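The structure appears below as structure tokens.
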Amino acid sequence: MSDKALTFPAASPDLTPVRGRVVRSRWARDLLTFLMVFGPGLIVMVADNDAGAVSTYSQAGAQYGTHLLWVVLLLLPVTYFIQEMVVRLGIATGKGHAAMIYQRFGRWWGLFSLIDLELVNFLTLVTEFAAIDLALNQFGVNPRLGVPLVAAGLVGIAATGSYRRWERTVVFLCVLDLAWFAMAYTLRPPAAAILRGSFAPSMPPGGLTADLIFLVIAIVGTTIAPWQLFFQQSCIADKRLRFADVKWARLDTFLGACITITVAGCMMIAGNASHVHGFAFTDPAKMAADIGSFSGAFFRDAILLLMINAAVLGTTAISLSSAWAYGEVRGWPHSLQLPWRKAKGFYSVYLLSVAVAAGLVLIPRAPLQLIILGVQVLAGVMLPSAIIFLQLLLNDKELLGPYANKPWNNLVNWTIIIVLFALSLILAAQVAAPKLFPAAQA
Amino acid sequence: MATLSNPIEQNEFRNHFVVIHPLDDAPETKVDTESLGPMPMTMSVRISLLSLRVYLILMMLLVLYHVLDMAKLFG
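Heads up: the sequence lines are chains W and B, in that order.
Quick note on numbering: the working numbering labels position 157 of the first sequence as 157, and the sequence is numbered without any gaps.
When you read off a place in the second sequence, starting at 1, and then add 1000, the result is the number in the working numbering.
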């Protein structure tokens, strides 16, 4: 690969010159193109393994061992198919998801979607900071000092006026998340248990209980969340991906999906380790301390740091999805490429989301684990509605032309929507008639 | 940095590939969504979306109730 760079002169005085890199072979061209396009897919997927996800997956491992590994494995194609639709929509229109819903469904539906998104996003952000608070407490750091510092860092990484700078920082944080592999390798149960849990679904001990159903919906809700649709489409629009980038953006999304699902499995394996040693799960920070008691302080600290990293990744992605969506709907300038003074509204929404959520967790004690799980379930029940709008947009041939859904896309997506509705109906039935499913054994 | 305005350099790069970062590339023409206006929706689609909205509000209230119940707020 040559390190030569060249500049094409601008077509008109209003445009900036086009800069490119020169390479000598096709494979180098493909690799470099992929590396340039790569980012939104990986970030949306890894950020999906946020603090709530750490909590939900580790709780699943702590309560049911490796029995629910197949659920996350099943979510790999689901999460990829859904996000791949967003890739096509974002590249074809060059606009965010909120803007698309407003333009194609009108103000009324657009407003509902925006309110849903902002509400769930805000609640999710509270859970991110709740996790940071829990982890800092375990470290012995005063959260009143640590939480505002993390919040300030989060504002700092987004407000540099450079999309590339933000993306590189966040991709670095995503790479740190791979430490879960090392963690799971050290804490692993026998390979047979992992394979059985992943490929041979079986009912966990205790049978079908209300808690199990709630947890499965939470796993679905944390793996595929509505903010991801809005985030990735806006991110693609902000990065100005081109029609020629579709296949690389798909690959980016697929690799991201594989990483997020494997890391989710690793979190369950960590939860399983505490379960095997007889610890009861309350929250992931306590789980880290429990694991540290039998495998050393290094593991405790590593899990706590990974938990903070997950929360930081989740916070920047979720706050950005809120800020992009609000900016698109209000018609404000909304790009990470713009400096603060040129996109004050956009950055203010980001700042406000981070600051208010960080401030809330510093207010006295709340059942944080229950809030985290509740938010995941809420995201799970709101997801089918978000996907239906996506599905309608992707079948809009006037809008997407050759990028519209094919019949097989629709078959897969309607199956996903029906399964998600069925899960939310089971939840409704379980809440309305609590004795329908037996309670979990104490 | 070289520039393609020079014919000698253009020749030098003829058998090579130029890879451009999306942010450095000239803006691409996208689907003109503004001129399309709102999507035509039949009455049945409107009713389905409205039912979905009602269902969603009910589900949100249900989850809220369930979480408060699990927090033992109702005794």
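Using N, Cα and C, we set each Cβ at its ideal position, and we do this for glycine too.
This structure is a prediction, so every number in the text was calculated from the model and none was measured.
Kindly identify the DSSP beta-bridge partner or partners of residue i.
i	result
F1017 (chain B)	W:V23
Closest to residue i by C-alpha separation, out of the options, would be which residue?
i	options	result
L425 (chain W)	W:R168, W:V377, W:L392 and W:A317	W:V377
N49 (chain W)	W:V381, W:S385, W:A323 and W:N309	W:N309
A191 (chain W)	W:S322, W:G153, W:G265 and W:I318	W:G265
E167 (chain W)	W:P333, W:I418 and W:A317	W:A317
D133 (chain W)	W:A151, W:M100 and W:A28	W:A151
G161 (chain W)	W:S353, W:F346, W:G374 and W:I236	W:F346
V412 (chain W)	W:K397, W:I388, W:D396 and W:P284	W:I388
I261 (chain W)	W:T209, W:S198, W:S322 and W:D301	W:S198
Q63 (chain W)	W:F421, W:K342, W:Q337 and W:D283	W:D283
S293 (chain W)	W:A273, W:V312 and W:L306	W:A273
T1029 (chain B)	W:R242, W:L42, W:L89 and W:L114	W:R242
A311 (chain W)	W:V171, W:D396, W:A135 and W:A297	W:A135
R196 (chain W)	W:G401, W:I236, W:T415 and W:W70	W:W70
A285 (chain W)	W:V46, W:R19 and W:S55	W:S55
I418 (chain W)	W:P402, W:L383, W:G39 and W:N395	W:L383
L400 (chain W)	B:H1021, B:V1031 and B:V1063	B:V1031
G90 (chain W)	W:A249, W:I416, W:Y350 and W:R341	W:A249
L1049 (chain B)	W:V126, W:W108 and W:A280	W:W108
A355 (chain W)	W:G221, W:P407, W:G156 and W:G327	W:G156
I43 (chain W)	W:M287, W:N410, W:Q337 and W:F231	W:F231
G327 (chain W)	W:A343, W:A429 and W:A47	W:A343
L1056 (chain B)	W:V120, W:N409 and W:L145	W:V120
D1025 (chain B)	W:A28, W:R19 and W:P407	W:R19
Between residue i and residue j, which are expected to be in contact by the criterion C-beta below 8 Å, what is the C-beta distance as a whole number of angstroms?
i	j	result
F122 (chain W)	A357 (chain W)	7 Å
L320 (chain W)	A158 (chain W)	7 Å
L304 (chain W)	Q138 (chain W)	5 Å
P1038 (chain B)	F105 (chain W)	7 Å
M445 (chain W)	T66 (chain W)	Outside the modelled stretch of chain W, which goes from 1 to 442, sits residue 445 (chain W), for which no answer is possible.
C361 (chain W)	A130 (chain W)	Position check: residue 361 (chain W) holds Val in this sequence, whereas Cys was assumed. So it is a contact: roughly 5 Å between Cβ atoms.
V78 (chain W)	I224 (chain W)	6 Å
V37 (chain W)	D245 (chain W)	5 Å
V276 (chain W)	P189 (chain W)	7 Å
A98 (chain W)	L114 (chain W)	6 Å
S234 (chain W)	W332 (chain W)	About 13 Å separates the two Cβ atoms, so there is no contact after all.
Y57 (chain W)	G256 (chain W)	Incorrect: roughly 17 Å between the Cβ atoms, too far for contact.
L390 (chain W)	L178 (chain W)	Rounded, the Cβ-Cβ distance is 29 Å, inconsistent with contact.
V126 (chain W)	I371 (chain W)	7 Å
T222 (chain W)	T1033 (chain B)	Wrong, their Cβ atoms sit about 32 Å apart, outside the cutoff.
L393 (chain W)	M100 (chain W)	6 Å
R88 (chain W)	P1027 (chain B)	Not quite, the Cβ-Cβ distance comes to about 19 Å (not below 8 Å), so this is no contact.
M45 (chain W)	I219 (chain W)	Wrong, their Cβ atoms sit about 15 Å apart, outside the cutoff.
Hey, how far is the Cα of residue i from the Cα of residue j?
i	j	result
G52 (chain W)	S25 (chain W)	44 Å
N1015 (chain B)	F181 (chain W)	43 Å
G153 (chain W)	T169 (chain W)	11 Å
V175 (chain W)	D30 (chain W)	22 Å
S353 (chain W)	F1017 (chain B)	43 Å
L117 (chain W)	D211 (chain W)	26 Å
V375 (chain W)	V86 (chain W)	23 Å
P1007 (chain B)	K95 (chain W)	Since pLDDT at P1007 (chain B) reaches only 49, below the 50 mark, its modelled position is unreliable, and the value read off the structure follows with that caveat. Their backbone Cα atoms lie some 38 Å apart in a straight line.
W414 (chain W)	V23 (chain W)	43 Å
V1067 (chain B)	L1061 (chain B)	10 Å
Q335 (chain W)	D238 (chain W)	Looking at the sequence provided, one finds Ser at residue 335 (chain W) rather than Gln. Using only the alpha carbons, I get a separation of about 6 Å.
S2 (chain W)	F172 (chain W)	Only weak support exists for where S2 (chain W) lies, its pLDDT of 48 falling under 50; the value from the coordinates is given anyway. Each residue's Cα considered, the two are about 25 Å apart.
T315 (chain W)	R164 (chain W)	18 Å
N236 (chain W)	V1019 (chain B)	Note that residue 236 (chain W) is Ile in the sequence shown, not Asn. Roughly 18 Å separates the two Cα atoms.
S348 (chain W)	G278 (chain W)	46 Å
H1021 (chain B)	A379 (chain W)	35 Å
F214 (chain W)	L423 (chain W)	9 Å
F254 (chain W)	L1073 (chain B)	43 Å
G39 (chain W)	A47 (chain W)	12 Å
G61 (chain W)	L68 (chain W)	8 Å
S295 (chain W)	G140 (chain W)	20 Å
On the criterion of 16 or more Cβ atoms from any shown chain inside 10 Å, does residue i qualify as buried, or is it exposed?
i	result
D290 (chain W)	buried
M1043 (chain B)	exposed
L427 (chain W)	buried
S1051 (chain B)	exposed
R21 (chain W)	buried
N405 (chain W)	buried
F421 (chain W)	buried
E84 (chain W)	buried
S385 (chain W)	buried
Y185 (chain W)	exposed
E128 (chain W)	buried
P143 (chain W)	buried
M1001 (chain B)	Its pLDDT being 41, under 50, M1001 (chain B) is placed unreliably by the model, and nothing is read from it.
L322 (chain W)	The amino acid at residue 322 (chain W) is misidentified as Leu; the sequence shows Ser. It is buried - the Cβ of S322 (chain W) has at least 16 other Cβ atoms within 10 Å.
D252 (chain W)	buried
I'd like to confirm something about residue i: is its beta-carbon nearer than 8 Å to some heavy atom of the ligand FMN, or not?
i	result
N413 (chain W)	Ligands displayed in this structure: none; no statement on the ligand FMN is therefore possible.
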